[in-house]
Amino acid sequence: MKNLRSLTNYNLKLVLRDTGPMLMAFLMPIGFYILFGYMLKDLKVADGSMGELLIPLYIIIIIGNAVLNVFGVYYVNAKETGNIQKYKFLGISELKYAASLFAATMILQVIVIIAFNVFTFFYAGYAFPIAHILPVFLTIMVIEVYHFAFTFLLSSIIKKAAAYNSIALAFYMFQMFLGGLHSQSKCFPYSYKNLFTTSTQLFMDATPYLVHGQVQCNLWTSLKTTAYSLVSPLHLLLLESQLTNSATVIKQQLLSPHNLKRVPLKYSLYLVLRNHITYTLYTV
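Under the working numbering, the residues of the sequence shown are numbered 3 to 286, in order.
Structure below.
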């Protein structure tokens, strides 16, 4: 237990010393909450304003960012650089190292969530439902477990930090820029419309409903949360695979002996983007 506590303190100092990611963790949720809150200020729902509904959505985004992009990145880097093997020689198992790193990221999440709720209280007057702290805590812990399980599974499959970073960042941007809101499925190719719509709807259904101190957390919600945690990353993997295959085919065409002398290298990226946009527009 003493080794776990010492390792957690070390990992927490390791995480907090990176100024850039720490500023991003604190400022991104606040900035996008202000943006989406201003855009949706006139939109009213049955139980309140949309600004109230954005608070639990961005709490989930904070959790996803900390687990996927902080815990996952540090864990994959430790595996790739051989640091976990060094800890094994000291008698610390890989699971214990992962638990200490996850505990450090949970401390970071608590700090960011408190700062975010303090900001929303002074900015918009929305108070955290202290009277229902137990169901709120249980809901957050369920989300934590699902994110940890998915990140641990993803890091077990992907051994390289560069590949993991791109997938984790894509998942985080999916949550951050959509804000948990329903987006236009027409932005995606036809083959991904149903999957994208289903994953987004699952996210909306599984979101903890914290408005006016009410929380809906039951078995059906937990099952839908599990389904979302599996379906949404699958959608991102399929979309990234389609983009990669499209770019590979165009790259092979550009580098063929017939086209090599006629197509300048500086136009290759432009052609890749243009062809993918054209493909997307013609298939929606």
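Quick reminder that beta carbons are idealized off the backbone N, C-alpha and C, glycines included.
Bear in mind the structure is a predicted one, so any value in this text is a computation, not a measurement.
- Between the stretch 103-121 and the stretch 57-74, the count of C-beta pairs closer than 8 angstroms reaches three or more; the two stretches touch.
- Around A170, the same chain offers L70, N71, G74 as residues with beta carbons nearer than 6 angstroms, after the five sequence neighbours per side are excluded.
- Comparing alpha-carbon positions, the option among F154, G39, G84 lying closest to L59 turns out to be G39.
- Fewer than three Cβ pairs drawn from the stretch 12-21 and the stretch 30-38 lie within less than 8 angstroms of each other, which leaves the two stretches out of contact.
- Going by DSSP, S158 is part of the alpha helix (DSSP H) stretching over 135-159.
- The C-beta separation of Y89 from Y99 comes to about 5 angstroms, placing the pair in contact by the 8 angstroms criterion.
- F104 and L16 have their alpha carbons spaced roughly 13 angstroms apart.
- In the structure shown, K162 adopts coil according to DSSP, grouped into three states.
- For the set I86, P137, L42, the Cα lying nearest the Cα of L97 is the one of I86.
- Within a 10 Å sphere around the beta-carbon of G53 sit 16 or more other beta-carbons, which makes this residue buried.
- When secondary structure is reduced to three states using DSSP, R7 falls in the helix class.
- Rounded to the nearest whole angstrom, the CA to CA distance from N5 to S95 is 11 angstroms.
- Non-local beta-carbon contacts of E82 in its own chain, meaning distances under 8 angstroms to residues more than five positions away in sequence, involve K161, K162, A163 in chain order.
- I61 is not a Cβ neighbour of I135, given a cutoff of 9 angstroms.
- In this structure, DSSP gives L92 a state outside helix and strand, which the three-state scheme calls coil.
- L18 sits close to M24, with the two beta carbons spaced by under 9 angstroms.
- Residue environment: A80 is assigned as buried (16 or more neighbouring CB atoms within 10 Å of its CB, all protein chains considered).
- Each residue's CA atom was taken as its position, placing I159 and Y174 some 19 angstroms apart.
- Selection F152, F139, L56, P137 evaluated against L37 yields L56 as nearest (Cα-Cα).
- Here F150 has V69, F73, F104 as same chain residues with Cβ atoms under 8 angstroms from its own Cβ, once five neighbours each way along the sequence are excluded.
- By the CB criterion at 9 angstroms, F130 and F123 fall inside the cutoff.
- In this structure, DSSP gives A129 a state outside helix and strand, which the three-state scheme calls coil.
- Here Y166 is near L156, since their CB atoms are less than 9 angstroms apart.
- Residue state for L14 is assigned as helix, using DSSP reduced to three classes.
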